[in-house]
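**Student:** Residue numbers (numbering that gives the first Met the number 0), protein chains in the order written: chain A, 0 to 220; chain B, 0 to 117; chain C, 0 to 107. The beta-carbon is built from N, C-alpha and C at its ideal position, and this holds for glycine as well. Right, I'll just put the structure down here and ask away after.
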Amino acid sequence: MSTQDTEHEHDRDHDHAHDEITAGDGIGYYETMEIAVRELLVSKGFIKPEEIRRQLEVLDSRTPALGARVVARAWLDDEFRARLLENGRKACEELGISFYDDTQLIVLENTDKVHNLIVCTLCSCYPRPVLGLPPDWYKNKPYRARAISEPRKVLAEFGTFIPNDVDVRVSDSTAMIRYLVLPRRPEGTETYNEDQLASLVTRDSMIGVVAAGVADPRTVK
Amino acid sequence: MAINPVPIDAGIIRGVILASGEAPLFSPSDRVEILARSPVGHYRVPMYLRGKFGVVHSIVEPSAVDNEEEGYGRNAGSKRHYYRVSFLMSEVWARYAGSPRDELRIEVFETWLVRARA
Amino acid sequence: MKGSEELVRRLPNDIGGISAGPIQRTDHELEPWEKRCHALADVIDFHKILNTEEKRKGVEALGSEIVGRLSYYERWIVAFSNILFQKRILTPRELAEKMDEVAARDRG
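This is the structure in structure tokens:
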């Protein structure tokens with residue numbers, strides 16, 4: 000089997016697996032495995048069921064709304080923004096956002112000279128404590144393969160056009176640092192309060208594929 | 000019994016020896032080359048970076064466990080520094096079509112870096 | 000076999016810069032089992048039973064065909080099983096029997 004085959008033919012990254020599991024036929028193979036592994040680890044005393052329940056609550060509490068609040072605060076408060084750019088994790092912790100996964104956070108500020116974009120080419124590193132779980136497209140091959148080598152084309156696919164006098168910088172995660180893009184504050188928002196500003200900040204603007212204030216034309220399929 | 004005072008030079012104590020791997024080998028703005036080795040099994044330096052030249056943007060503190068070794072299990076791996084290294088896109092991709100100032104930045108563990116010759 | 004060494008040199012997840020098609024802006028609401036799988040990963044990481052890097056290595060070790068055909072959390076749960084066997088925390092037989100029990104329970 001040539002490497003071409005492994006790269007293209009068996010690509011199930013679209014996650015249509017869920018459509019193919021026959022509805023109403025009971026739990027699938029992998030779900031069975033998940034339940035079995037979990038129950039065995041509980042019965043052997045390695046984990047407790049309440050720990051899983053608690054972590055599910057932790058995960059549900061982490062959404063892009065947290066990141067949006069961080070961004071809105073940074074737009075309004077210059078000193079907070081300076082602290083955020085100095086140490087992203089510490090500044091988030093000021094707002095009560097804990098980093099349960101031992102990662103650090105670098106916040107990348109978009110300006111009139113620099114546009115930042117984040118990717119994890121090797122896996123799916125993402126600032127989960129402050130944004131929640133990443134969308135499928137971020138974890139799938141086309142984005143991971145192309146954001147690092149042709150970012151301007153990828154941005155264009157998201158409807159974002161960066162002029163040549165603005166530098167594009169792509170940050171690829173490989174270790175303990177996670178990234179959050181601080182998008183530019185949209186024009187005409189001088190009188191907005193923090194809530195109003197936060198409502199302009201989308202998940203995709205904090206990944207860097209779109210500007211803040213731009214409505215996402217496609218969201219959950 | 001009196002303790003002999005330590006030599007101080009401009010406020011810093013002299014003569015403190017750092018353990019192997021404690022001090023970062025590279026500094027911001029150092030030009031570095033990513034080694035071209037090809038490990039079998041787990042690695043965290045993408046192939047697109049092997050043999051490429053970049054500039055150290057910053058040192059990640061504190062030093063941390065080598066994630067390539069960490070994959071082998073509990074308590075595995077030596078601690079050294081990671082560096083956030085900056086590369087010009089045009090340096091990494093032969094047919095890069097964007098701006099010549101576009102960059103990529105990535106964390107690289109110290110054992111993958113050597114100082115670039117001039 | 001000529002060309003096969005590329006499969007060994009390049010991990011199946013090392014795809015930065017390879018050619019790929021347009022980005023499908025897909026996203027799906029996670030199935031409950033997928034969320035539980037994610038929570039499981041976090042909890043076993045907290046307990047230092049299996050860390051994140053071990054998990055990544057475990058997924059890579061599934062090989063390109065499985066990595067290409069299984070979805071994200073399907074890869075995780077298979078990788079966990081393998082690593083837990085390696086660490087002698089579970090045995091393949093225990094898991095197989097438990098899976099049969101779970102499936103039978105589900106069929107009611």
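Check whether chain C comes within 7 Å of Ala211/A, counting only Cβ atoms and requiring the distance to be less than that.
**Tutor:** Position 212 of the first sequence holds residue 211/A. For Ala211/A, the answer is no, since every Cβ of chain C falls outside 7 Å of its Cβ.
**Student:** Using the C-alpha atoms, what's the distance from Cys122/A back to Lys138/A?
**Tutor:** The residue labelled residue 138/A in the question sits at position 139 within the first sequence. The residue labelled residue 122/A in the question sits at position 123 within the first sequence. When rounded, the distance between both Cα atoms is 7 Å.
**Student:** Please state whether the Cβ-Cβ distance between Ile22/C and Tyr178/A is less than 7 Å.
**Tutor:** As a position in the third sequence, residue 22/C is number 23, starting the count at 1. As a position in the first sequence, residue 178/A is number 179, starting the count at 1. Against a cut-off of 7 Å, the Cβ pair of Tyr178/A and Ile22/C comes out as no contact.
**Student:** In chain order, which beta strand (DSSP E) runs of at least 3 residues are fully inside the segment 113-179 of chain A?
**Tutor:** With a minimum length of 3 residues, the continuous beta strand (DSSP E) runs that stay inside the segment 113-179 of chain A are 113-118, 166-171.
**Student:** Residues of chain B with CB under 9 Å from Arg55/C, in chain order?
**Tutor:** Walking along the third sequence from the start, residue 55/C turns up at place 56. Chain B residues near Arg55/C: His41, Arg43, Asn66, Gly70.
**Student:** Of all the CB atoms in chain A, is at least one closer than 7 Å to the CB of Ser28/B?
**Tutor:** Taking the first residue of the second sequence as position 1, residue 28/B is located at position 29. Not one chain A Cβ lies under 7 Å of Ser28/B.
**Student:** Answer with yes or no whether the minimum CB distance from His9/A to chain C is below 7 Å.
**Tutor:** Residue mapping note: residue 9/A aligns to position 10 of the first sequence, counting from 1. The predicted position of His9/A is uncertain, since its pLDDT is 40 and thus under 50; a value taken from the coordinates is nonetheless stated next. Taking Cβ atoms only, chain C reaches closer than 7 Å to His9/A, which makes this a yes.
**Student:** Measure the Cβ-Cβ separation of Leu154/A and Ile161/A and say whether it is below 7 Å.
**Tutor:** In the first sequence, counting from the first residue as 1, residue 154/A sits at position 155. In the first sequence, counting from the first residue as 1, residue 161/A sits at position 162. Yes, the Cβ-Cβ distance between Leu154/A and Ile161/A is below 7 Å.
**Student:** Residues in the same chain with beta-carbon distance under 6 Å from Asn115/A, minus the five sequence neighbours each way, listed in chain order, please.
**Tutor:** As a working note, residue 115/A is residue 116 in the first sequence. The residues are Leu107, Asn109, Arg168, Val180, Gly207.
**Student:** Does the distance from the CB of Met46/B to the CB of Asp13/C come in under 7 Å?
**Tutor:** Here the question's residue 46/B lines up with position 47 in the second sequence. Here the question's residue 13/C lines up with position 14 in the third sequence. A contact, by the Cβ cut-off of 7 Å.
**Student:** Should Asp44/C go down as buried or exposed, given a rule of 16 or more other Cβ atoms within 10 Å for buried?
**Tutor:** Translated into the one-based positions of the third sequence, residue 44/C becomes position 45. Buried, by the Cβ-count rule.
**Student:** Report buried or exposed for Leu17/B, applying the criterion of at least 16 other Cβ atoms within 10 angstroms of its Cβ.
**Tutor:** Within the second sequence, residue 17/B is the residue found at index 18, counting from 1. Leu17/B is exposed by the Cβ-count criterion.
**Student:** Between Met46/B and chain C, is any beta-carbon pair separated by less than 7 Å?
**Tutor:** Taking the second sequence and counting its residues from 1, one reaches residue 46/B at position 47. Met46/B counts as touching chain C.
**Student:** In the DSSP assignment, what residue or residues form a beta bridge with Asp8/B?
**Tutor:** What you label residue 8/B is simply residue 9 of the second sequence in a count that begins at 1. In the DSSP output, where bridge partners are listed per residue, Asp8/B has Ile11/B.
**Student:** Would you say Val7/C reaches chain B, if we count a Cβ-Cβ gap shorter than 7 Å as a contact?
**Tutor:** Within the third sequence, residue 7/C is the residue found at index 8, counting from 1. Yes, its Cβ sits closer than 7 Å to a Cβ of chain B.
**Student:** How do the segment 65-75 of chain C and the segment 59-70 of chain A stand: do at least 3 beta-carbon pairs fall below 8 Å, yes or no?
**Tutor:** Verdict: no, contact absent.
**Student:** The beta strand (DSSP E) with Glu106/B in it runs from where to where?
**Tutor:** Mapped onto the second sequence, residue 106/B falls at position 107. Element bounds for Glu106/B: 102-108.
**Student:** Using 7 Å as the limit for Cβ to Cβ distance, is Ala64/A near chain B?
**Tutor:** Here residue 64/A refers to the residue found at position 65 of the first sequence. Not one chain B Cβ lies under 7 Å of Ala64/A.
**Student:** Provide the residue(s) that pair with Ala67/A in DSSP beta bridges, ordered along the chain.
**Tutor:** One-based indexing of the first sequence puts residue 67/A at position 68. Per DSSP, none; premise fails for Ala67/A.
**Student:** Run down chain A in chain order and give the residues with a C-beta less than 9 Å from the C-beta of Ala96/B.
**Tutor:** Residue mapping note: residue 96/B aligns to position 97 of the second sequence, counting from 1. Residues of chain A passing the Cβ test: Glu149, Arg151, Lys152.
**Student:** Would you kindly report the start and end of the unbroken beta strand (DSSP E) that includes Phe45/A?
**Tutor:** The residue labelled residue 45/A in the question sits at position 46 within the first sequence. Counting along the chain, Phe45/A falls outside any beta strand (DSSP E), and DSSP gives it neither H nor E.
**Student:** List the whole-angstrom C-beta distance separating Val101/C from Ala35/A, where the pair is believed to meet the contact cut-off of C-beta under 8 Å.
**Tutor:** If you number the third sequence from 1, residue 101/C lands on position 102. If you number the first sequence from 1, residue 35/A lands on position 36. Contact flag correct, Cβ pair sits at about 5 Å.
**Student:** Label Ser1/A either buried or exposed according to how many other C-beta atoms from any shown protein chain fall within 10 Å of its C-beta, with 16 as the threshold for buried.
**Tutor:** Locating residue 1/A in the first sequence gives position 2, where the first residue counts as 1. Low confidence applies to Ser1/A: its pLDDT is 38, below 50, so where it sits in the model is not reliable enough to give any reading.
**Student:** Below 8 Å on C-beta distance, what does Asp166/A contact in chain B?
**Tutor:** As a working mapping, residue 166/A is identified with position 167 in the first sequence. Result: Ser98, Arg100, Asp101, Glu102.
**Student:** So, helix, strand or coil for Glu189/A, using DSSP?
**Tutor:** Taking the first residue of the first sequence as position 1, residue 189/A is located at position 190. Coil.
**Student:** By a C-beta neighbour count over all protein chains shown, 10 Å radius and 16 as the cutoff for buried, is Arg182/A buried or exposed?
**Tutor:** In the first sequence, the residue the question calls residue 182/A occupies position 183. Residue identity differs from the one stated: residue 182/A is Pro in this sequence, not Arg. Buried is the call here.
**Student:** How should Ala210/A be labelled, buried or exposed, when 16 other C-beta atoms within 10 angstroms of its C-beta is the threshold for buried?
**Tutor:** The sequence position of residue 210/A within the first sequence is 211, counting from 1. Flag for Ala210/A reads buried.
**Student:** Run down chain A in chain order and give the residues with a C-beta less than 9 Å from the C-beta of Leu61/C.
**Tutor:** Here residue 61/C is taken as the residue at index 62 of the third sequence, counted from 1. Those within 9 Å of Leu61/C in chain A number zero; the least Cβ separation is about 12 Å.
**Student:** Which class does Tyr47/B belong to by DSSP, given the choice of helix, strand or coil?
**Tutor:** As a first step, residue 47/B must be located in the second sequence, where it is residue number 48. Of the three classes helix, strand and coil, the one that applies to Tyr47/B here is helix, per DSSP.
**Student:** Just the C-alpha distance for Ser51/A and Arg104/B, rounded to the nearest angstrom, thanks.
**Tutor:** Stepping through the first sequence from its first residue, residue 51/A is reached at position 52. Stepping through the second sequence from its first residue, residue 104/B is reached at position 105. Note on residue identity: the sequence assigns Ile, not Ser, to residue 51/A. One C-alpha to the other measures close to 35 Å.
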